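Colleague: Residue numbers (UniProt numbering): 320 to 611.
Glycine included, C-beta positions come from ideal geometry on N, C-alpha and C.
Note that the coordinates shown come from a computational prediction; the quantities given were computed from them, not determined experimentally.
Mind having a look at this structure? Questions to follow.
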Ligand code: CAA
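Spelled out as structure tokens, the structure:
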């Protein structure tokens, strides 16, 4: 399906409660954004209580950090914290109008999540995936109501990156797209409508760019020198950016692009080794993070 442009605003449905599947770093950043911008209850779910508690605690800590910077008064701190809750079941999602999933980038896992969510929510509830590369059409294919599935792809760090990609699957309907755009506006994001093609717009380009940087490094240029070659060209040099998003996500993006376009994308064996070793990145310290 070809995206024709921003959909008819009048078709947008109100969002007064949001469910987030996953309580990891991306999910926590999303929970904070929705609480701050929409001021609606947000329920986070994950497989076990420990992950849920960690996710909720992370959002609380970020709210406290904003308060310490003088960005939030105590009233807002209390209100925002009260809007966040967590659960290990999806029962609390029965009355949400929007669910976002931010779980492991694996098609079968996403399809399983949506099947479980669909059993609980109303038929109109919008099901949005934060996938960075997987097909929205395929993700929705086994559902009873695939017309309410859409991609809502946010960028890291979610609070500051201005872009939101809205990805339309083959069967996504206009009301779903209109709701996605309305939410994008409320979140103050620049919202663009993308076709359901591998890695959409940004990650397709980033994948190309990282692929060639990996070729340069694998040919013998040290990583820090390759990054220095980017001085002033982008807000973050490529391998620092990889430390921010995580090498596993970068590898997954490159692998799925290489599968779709084998002659154009390169998967670095060195990157694969970094991910297999469970490392966070190539550097010892990137913006306060401990990495390889
Ligand atoms: N988490 C949350 N907020 C962060 C942050 C983080 N990791 N890093 C920085 N920020 C916030 C800071 O708190 C600051 O906010 P305030 O002004 O409200 O205090 C703001 O960002 C600017 O930070 P700084 O002034 O310290 O630093 P900067 O000017 O160098 O900007 C940056 C930091 C915005 C992250 C910038 O370096 C940048 O744009 N980097 C590129 C990021 C990027 O390309 N992201 C896309 C990755 S691809 C992706 O996410 C898709 C995917 O699916 C994998």
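What first and last residue would you give for the beta strand (DSSP E) that runs through residue 486?
Modeller: If you number the chain shown from 1, residue 486 lands on position 167. Element bounds for residue 486: 482-487.
Colleague: Pick out whichever of 448, 544 and 360 has its Cα sitting closest to the Cα of residue 430.
Modeller: Counting from 1 along the chain shown, the entry for residue 430 is found at position 111. That would be 448, whose Cα lies nearest to the Cα of residue 430.
Colleague: What is the residue span of the beta strand (DSSP E) that residue 412 lies within?
Modeller: Along the chain shown, one-based indexing puts residue 412 at 93. Taken as a continuous stretch (DSSP letters only), residue 412 belongs to no beta strand (DSSP E), as it is neither H nor E.
Colleague: Comparing alpha-carbon positions, which option in 595, 363, 341 and 357 lies nearest residue 501?
Modeller: For the purposes of this step, residue 501 is taken as residue 182 along the chain shown, with counting starting at 1. Residue 357 is the option with its Cα nearest to residue 501.
Colleague: Thinking C-alpha only, which one of 552, 352, 499 and 417 is nearest residue 385?
Modeller: Residue 385 sits at position 66 when you count from the first residue of the chain shown. Here the closest residue by C-alpha is 352.
Colleague: Does the beta-carbon of residue 552 have 16 or more other beta-carbons within 10 angstroms, so that it is buried, or is it exposed?
Modeller: By 1-based counting over the chain shown, the position of residue 552 is 233. Per the 10 Å Cβ criterion, exposed.
Colleague: Please report the straight-line C-alpha distance between residue 488 and residue 433, rounded to a whole angstrom.
Modeller: Along the chain shown, read from residue 1 onward, the residue named residue 488 stands at position 169. Along the chain shown, read from residue 1 onward, the residue named residue 433 stands at position 114. If I take the Cα positions, the gap works out to 15 angstroms.
Colleague: I want to check one thing, is the minimum distance from the CB of residue 427 to the heavy atoms of the ligand CAA below 8 angstroms?
Modeller: Taking the first residue of the chain shown as position 1, residue 427 is located at position 108. No, Cβ of residue 427 sits at least 8 angstroms from all heavy atoms of the ligand CAA.
Colleague: Identify which residue in 496, 413 and 465 has its Cα closest to the Cα of residue 335.
Modeller: Mapped onto the chain shown, residue 335 falls at position 16. Ranking 496, 413 and 465 by Cα distance to residue 335 puts 413 first.
Colleague: Find out if the Cβ-Cβ distance for the pair residue 416, residue 498 is shorter than 9 angstroms.
Modeller: As a working note, residue 416 is residue 97 in the chain shown. As a working note, residue 498 is residue 179 in the chain shown. Yes, Cβ-Cβ distance for residue 416 and residue 498 is below 9 angstroms.
Colleague: Enumerate in chain order the residues of its own chain whose CB-to-CB distance from residue 580 is below 8 angstroms, with the five nearest sequence positions on each side excluded.
Modeller: The sequence position of residue 580 within the chain shown is 261, counting from 1. Excluding positions up to five away in sequence, the list reads 517.
Colleague: Can you determine whether any heavy atom of the ligand CAA sits closer than 8 angstroms to the C-beta of residue 388, and answer yes or no?
Modeller: Position 69 of the chain shown, counted from the first residue, corresponds to residue 388. Checking every heavy atom of the ligand CAA against the Cβ of residue 388, one is found closer than 8 angstroms.
Colleague: For the stretch 522-541 against the stretch 591-598, do three or more pairs of beta-carbon atoms, one drawn from each stretch, fall closer than 8 angstroms, so that the two count as touching?
Modeller: Short answer: they don't touch.
Colleague: Which word fits residue 348, buried or exposed, when buried means at least 16 other C-beta atoms lie within 10 angstroms of its C-beta?
Modeller: As a first step, residue 348 is located in the chain shown; it is residue number 29 there, counting from the start. Under this definition residue 348 is a buried residue.
Colleague: Would you kindly report the start and end of the unbroken beta strand (DSSP E) that includes residue 404?
Modeller: Taking the chain shown and counting its residues from 1, the one referred to as residue 404 is at position 85. Start and end: 403-406.
Colleague: The ligand CAA heavy atoms versus the CB of residue 568: any closer than 8 angstroms?
Modeller: Translated into positions along the chain shown, residue 568 becomes position 249. Result yes, Cβ under 8 angstroms from the ligand CAA.
Colleague: With DSSP as the reference, identify every bridge partner of residue 509, one or two as the case may be.
Modeller: By one-based count along the chain shown, residue 509 stands at place 190. In DSSP, residue 509 forms a bridge with 482.
Colleague: Does the Cβ of residue 507 have 16 or more other Cβ atoms within 10 Å, making it buried, or fewer, making it exposed?
Modeller: Mapped onto the chain shown, residue 507 falls at position 188. Exposed.
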